[in-house]
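Numbering (my numbering), first residue to last: 20 to 342. Glycine residues also receive a C-beta, built at the ideal position from the N, C-alpha and C atoms. Notes for the one structure printed next.
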């Protein structure tokens, strides 16, 4: 379950990039990117993973994600991988891709078709673009605190989600200028939301890196996520990155909102939670796969951070499925 860096290419002739996915199931694709992401999920139920948050989502789920926030959706009819491959790189997404309003079909759905496929409407835009929009358009200034909250992932109330969902017939039609106006209309709806709730814990409330800093941060995260079971020390990682240990610690704290020790604990517990929900591995094996040296330490840390034992957490999967 390696965290993948998704390279979102926004055309120089466009302010944003959009994607419309139609799939028989939404797979587990744990990834991150330096762009903001607004995702509307339709005709789907399952689990939503954002930072160290794991929760249920239902039809018309609307979430705004800040830069470099690990995330994925996983529909209840999909099978999550219990082990990760060693391939780094990019997350290749299928579906109908909207680039400034012009759709390119790249169908990755396999198996029997569904009358009502799972759908995800995704909008990506850079931090510099949205900051400029909010600074030059006072009508959108109420969006600023929402953007700040999105650094932890922000889920919107049902009314807001329904208002955005009502615009979906227009998402794939019209020239680029009309598509930009539509995105601004969506952002205006977000700025008027009555209820916006953060998803991940406060440790993910961090500063927004620029492109160069995001690239360096991505390399650091790649190393930590690839070697979470036996992570390098701060001195070793600093040496790999060509930084002093002090600079590395300050850099990580500034852009991830936590120190590396706390982040790695959250990463291991997130890995453990995913395994508990998506596999039948014994709890002691889940502890081993997640990088914990002994079962008692794993149980103690899991209960401390999740408020229940690993066994109780796994049992909640079956209770939710039966509901």
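Output needed for residue i: all residues of its chain with C-beta closer than 7 angstroms, excluding positions within five of it in sequence on either side, in chain order.
i           : result
residue 162 : 153, 206, 209, 210
residue 327 : none
residue 189 : 201
residue 318 : 328, 329
Take residue i and list the residues in its own chain whose beta-carbon comes closer than 6 angstroms to its own, dropping the five residues that flank it on each side.
i           : result
residue 197 : none
residue 69  : 90, 172, 218, 219
residue 286 : 247
residue 277 : 222
residue 83  : 57, 169, 173
residue 213 : 176
residue 310 : 247, 248, 287
residue 303 : 314
residue 216 : 174
residue 331 : none
Where do the ends of the beta strand (DSSP E) carrying residue i lie?
i           : result
residue 276 : No beta strand (DSSP E) contains residue 276, which DSSP labels as neither H nor E.
residue 148 : Segment 146–155 is the alpha helix (DSSP H) holding residue 148; no beta strand (DSSP E) there.
residue 37  : 36–42
residue 84  : 80–84
residue 94  : 90–94
residue 65  : 65–69
residue 75  : 72–76
Restricting to Cα atoms, I'd like to know which of the options is closest to residue i.
i           : options            : result
residue 298 : 325, 62, 333, 327  : 333
residue 253 : 244, 280, 87, 234  : 280
residue 244 : 284, 168, 54       : 284
residue 294 : 272, 329, 274, 318 : 329
residue 308 : 291, 315, 323, 164 : 291
residue 74  : 95, 87, 317        : 95
residue 234 : 224, 72, 274, 300  : 274
residue 85  : 155, 165, 318      : 165
residue 289 : 301, 324, 303, 300 : 324
residue 203 : 296, 148, 282      : 148
residue 296 : 266, 335, 306      : 335
residue 187 : 239, 238, 81       : 81
Between residue i and residue j, what straight-line distance do the alpha-carbon atoms span, to the nearest angstrom?
i           : j           : result
residue 269 : residue 256 : 13 angstroms
residue 179 : residue 236 : 33 angstroms
residue 146 : residue 52  : 11 angstroms
residue 258 : residue 251 : 10 angstroms
residue 79  : residue 181 : 7 angstroms
residue 31  : residue 54  : 15 angstroms
residue 29  : residue 143 : 8 angstroms
residue 261 : residue 229 : 19 angstroms
residue 313 : residue 320 : 11 angstroms
residue 175 : residue 45  : 20 angstroms
residue 159 : residue 47  : 34 angstroms
residue 135 : residue 61  : 9 angstroms
residue 64  : residue 138 : 11 angstroms
residue 77  : residue 71  : 19 angstroms
residue 316 : residue 271 : 26 angstroms
residue 322 : residue 264 : 32 angstroms
residue 151 : residue 157 : 11 angstroms
residue 185 : residue 66  : 23 angstroms
residue 183 : residue 191 : 14 angstroms
Check for me: the alpha helix (DSSP H) holding residue i runs from which residue to which?
i           : result
residue 174 : Looking at the DSSP string, residue 174 is not in any alpha helix (DSSP H); the run it does join, the beta strand (DSSP E), is 173–175.
residue 299 : Where residue 299 is concerned, there is no enclosing alpha helix (DSSP H), given that its DSSP letter is neither H nor E.
residue 218 : Per DSSP, residue 218 belongs to no alpha helix (DSSP H) and is neither H nor E.
residue 314 : 314–325
residue 186 : Element bounds for residue 186: n/a, residue is neither H nor E.
residue 46  : Residue 46 -> no alpha helix (DSSP H), and no H or E assigned at all.
residue 159 : Neither: residue 159 is in no alpha helix (DSSP H) and is coded neither H nor E.
So what does DSSP say about residue i, is it helix, strand or coil?
i           : result
residue 56  : strand
residue 242 : helix
residue 205 : helix
residue 26  : coil
residue 254 : helix
residue 32  : coil
residue 285 : helix
residue 139 : strand
residue 237 : helix
residue 115 : The pLDDT assigned to residue 115 is 38, lower than 50, so where the model puts this residue is not dependable; a value taken from the coordinates is nonetheless given after this. Strand at residue 115.
residue 197 : helix
residue 266 : helix
At a cut-off of 7 angstroms, would you count residue i as near the ligand MN, judging by its Cβ distance to the nearest heavy atom?
i          : result
residue 93 : With respect to small molecules bound, the structure shown includes none, and the ligand MN cannot be examined in it.
Does residue i get closer than 8 angstroms to chain B when you measure Cβ to Cβ?
i           : result
residue 239 : Reference to chain B is not applicable here, since this structure consists of a single protein chain.
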